[in-house]
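A.B. asks:
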Amino acid sequence: MGAVAPQILAIDLGTSGMKAALVAADGTVTGWAERAVPLRVLRGGGAEQDPVAWWSTLAEVTGDLGRAHPEHLRAVTTVCSSTQGEGTIAVDAAGEPLTQCISWLDMRGAANLRRQFGGFPAYGGISVRRIARWLRLTGGMPSVTGKDPAAHMLFVRDEMPGVYERTASFLNVLDWINLKLTDRTVATVDSILTSWVTDNRRPGDIRYSPALVADCGIDPDKFPPIVACTDVIGTLSPSAATHLGLPESVQVVAGAIDNTAAAVGAGTTGHNEPHLYVGTSSWIAAHVPRKKTDIVAGIASVPCAIPDRYLMTALQATAGANLTWLRDNVVEYDDPLLAAGQVTRDEGTIFDAFDKIIPSVPPGANGVLYTPWLYGERAPVDDPALRAGFFNISLDTNRSDLLRAVFEGVAFNTRWLARSVDRFLGAPVTSMAITGGGALSDAWCQIFADVLGIEIRRDAQPLAVNVRGAGWIGAVGTGVISFAEIPDLMRNDHVFEPTAANRARYQEAFDVYQDLHKRLAPIYKRLNR
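Residue 1 is where the sequence shown starts when you use UniProt numbering, and the numbers rise one by one after that.
(1) Going by C-alpha distance, which of D26, G44, D64, G27 is nearest R35?
(2) Assuming the contact rule is C-beta atoms closer than 8 Å, A240 and L181 should be a hit. Round their C-beta distance to whole Å, please.
(3) For L527, collect the residues of the same chain with a Cβ closer than 8 Å to its Cβ; drop the 5 residues on either side in sequence, then sort them by chain order.
(4) Using three-state DSSP, classify E96 as helix, strand or coil.
(5) Which residues does DSSP list as the beta-bridge partners of L244?
(6) C80 bridges to which residues according to DSSP?
(7) Can you have a look at Y123 and say buried or exposed, based on whether 16 or more other CB atoms are within 10 angstroms of its CB?
(8) Of all the options L440, G17, R519, A75, which has the alpha carbon lying nearest to the alpha carbon of V250?
(9) Pull up the CB-CB distance for A151 and G109, whole angstroms please, since I reckon it's below 8 Å.
(10) Of the residues V495, A24, M18, which one's Cα is nearest the Cα of Q7?
(11) Going by DSSP in three states, S281 sits in which element: helix, strand or coil?
(12) Does the Cβ of K518 have 16 or more other Cβ atoms within 10 Å, making it buried, or fewer, making it exposed?
(13) Roughly how many angstroms lie between the CA atoms of A433 and I206, to the nearest whole one?
(14) Any idea if L42 is buried or exposed, counting beta-carbon neighbours within 10 angstroms, 16 or more meaning buried?
(15) Let me check understanding here. Comparing Cα to Cα, which of W416, T268, S195, R529 lies closest to A484?
(16) Leaving out five residues on either side along the sequence, give the residues of the same chain with a beta carbon under 7 Å from the beta carbon of P487.
(17) Rounding to the nearest angstrom, what Cα-Cα distance links R378 and I295 in this structure?
(18) For D383, I'd like the list of residues in its chain whose CB is within less than 7 Å of its CB, leaving aside the five on either flank, ordered along the chain.
(19) Would you mind working out which of G320, V330, P362 sits nearest residue 530, comparing C-alpha positions?
(20) Measure how close the beta-carbons of I226 and V278 come, nearest whole angstrom, since I'm counting them as under 8 Å.
(21) Under a three-way DSSP split, which group does residue 535 fall into?
(22) Tell me whether the beta-carbon of P149 lies closer than 7 Å to the beta-carbon of T88.
(23) Excluding the five sequence neighbours on either side, which residues of its own chain have a C-beta within less than 7 Å of the C-beta of A418, listed in chain order?
(24) Could you name the residues of the same chain whose beta carbon sits closer than 6 Å to that of G85, not counting the 5 residues immediately before and after it, in chain order?
(25) Measuring only the C-alpha atoms, how far is L425 from P289?
(26) Let me check one thing: in DSSP terms, what residues is K19 bridge-paired to?
(27) For the beta strand (DSSP E) that contains P303, what are its first and last residues?
(28) Any idea if K525 is buried or exposed, counting beta-carbon neighbours within 10 angstroms, 16 or more meaning buried?
(29) I need the DSSP call for R526, collapsed to helix, strand or coil.
(30) Whether or not the region 455 to 474 and the region 14 to 22 are in contact is what I'm after, with contact meaning three or more pairs of Cβ atoms, one per stretch, closer than 8 Å; do they touch?
(31) State buried or exposed for S360, treating a residue as buried only when at least 16 other CB atoms are found within 10 Å of its CB.
Below is the structure:
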C-alpha cells in the first residue's frame, strides 16, 4: 500500500447534523463521520442551535474519522468548511458567543425588518426604493419572512439591547466555525450576502456598500472583514489543533455556504453548466459570468467560491420533503409494500424500496397528478400560500400510483423551474448533473430525464457533494488544483437518457400541471391567508 495522498478535512455542518470527511485533491472521499445536532424550535417563530455544541460535535466526528482512517487523518494538511447559511451569532470581543445561533428558520425579526426598512410605496412592508437599491447593488433583498441575518441582527438590536451593546461582531455559521479554527474573525463573499450590505457588482471585489451599511441599522464595526472563499485565513490555533487532534501547521481555507460548496462539489465549475440538487428542498444552480436578477421568477446570480463568477440559484421549496411526508404519513414502515426493500428509517435506503415499486406503475401514474407545494414555493413563483395535492384519484387508484405521482410531480415542478433557468442562461439546457440524496433513486433520475427531456448525469457519490465541494475549495485555496480542472475530476456512475416514448405522455401531463397552478393559486390564497 502506497503513501496516503495529502488530505483536506472537509467539514459539512447542516441543520440536522455535523459531518466531516477526508477528501483528496482528486475528489476521492475517504469515508465520513456524522453526528446529529439538535434544533430548538421556540414559540413565536424562533429556531436556534447551540454553536458551542457544533464545536464539540466537530471534535467527536473528527475523532470518529481518526479511529476509522488513522493514516488519512495524519495526512491532513488543510481544513475547509461548508455550512448551512443565513444563521446569526453575536460574539463578544473575545470571540465568545452572546447568543445561540439564530437559525435560517427563525422568523422573529420580520417585524423589526419592516420597521427598519418600511416606506411608501412598499412591497411586503419594505420600501420599494430600498428594494431597487438592493437589487442594483446586491442582486437580491432581505427575506420579508425575517429568515436571514438582516432581520436577525435587528431582532438582537431591538429585543436584546444589552447583548447588542456587548456584540463585537455578528457572524454567520461559516464565520463562527472559522473563528473557532483560527481565532480570526472574517466573513466570506457568500456568507455575508444575506446581511444585504455588500456591493456585488464586481465578482472579484465584493465589498461593503457604505450606503447599505448606513441604512441597515447595525453599527458598521459589527461587520467582519470580507475574504474570498478560497483565501487561506490562517493555520489552526493552538486550542483548535488540540481540540481536533491535528498539527498547528494545518492551513485553514475560508470555505463556503452549502449551496456554494455543492456547486463546486457537483463538478459544475464551467460557465453555464447547471446541476440539479435534490434533497429536502432542491435547486438548479450554475456558475455564470454576470450578476443578474430575474425578479418575476425569483432567480438571481450572487457571489460564490469562484472569484470571477456568480452563482445562479433557482430554489424549489420542497422536493425530497414530499417523499418524507409520504413515507411518514401514507406508507408505514411495517407496510408489506416496503418489506422487500428491508427499509429502515434512513434517508438513503428508502429509495431502494421505492425503486422496486415505481416500475410497476406506467409513466403518468395512471392519470394521477401531484403538486409538490407542501410549504409554498420559491421559484419560478414566490408564493407561500401554495399547497400540495393529489388530483384525478379514482376507485382504481392505489398507493403505488400515488408514489409515482409524487416523484413525477417534483419533476414537473423542476421542468417548470427549468424554463426560467433556460431564459436566465440564454440557451436551453441539454445536459444536467444530478446530486444530493434524491439522486440515489434510479427511478427518479430516469423520471427527471424523461420529464425534462435532457440527459441526466448522476454523481457517483451524491451524498458527498458538500464535503467534496469543501475539499475542492480547500485544494484550490492551497494551490493544489484549479477550478478549471474540477470537471475532469468529477466521477459520474450513470447517464440517464430521456425515453422518447414517454415524452408525449409527460408533455400532456405537464400542460395540465401548469393549468392546475393557474386555477388553484387564487384558491390557495383564500385558504391560507
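All C-beta atoms, glycine included, are put in the ideal place defined by N, C-alpha and C.
C.D. replies: So, from the data block:
(1) D64
(2) Contact between A240 and L181 is confirmed by a C-beta separation of about 5 Å, below the 8 Å threshold.
(3) A385, R387
(4) It is coil, neither helix nor strand.
(5) Answer by DSSP bridge pairing: none, since L244 is not bridged.
(6) A10, V253
(7) exposed
(8) A75
(9) The beta carbons of A151 and G109 sit about 3 Å from each other, so the pair counts as a contact at 8 Å.
(10) A24
(11) Reduced to three states, the DSSP call for S281 is coil.
(12) exposed
(13) 29 Å
(14) exposed
(15) T268
(16) G267, T269, G270
(17) 12 Å
(18) Correct list, in chain order: G376, E377, A521.
(19) Given that the chain is displayed from residue 1 to residue 529, the structure contains no residue 530 and the question cannot be resolved.
(20) Not really, about 31 Å apart at Cβ, beyond 8 Å.
(21) Residue 535 is absent from the structure shown; the chain starts at 1 and stops at 529.
(22) Closer than 7 Å, so yes.
(23) Correct list, in chain order: I284, V429, L452.
(24) I257
(25) 10 Å
(26) D12, E34
(27) 299 to 303
(28) exposed
(29) helix
(30) Output reads yes: the region 455 to 474 touches the region 14 to 22.
(31) Exposed, since its Cβ has fewer than 16 Cβ neighbours within 10 Å.
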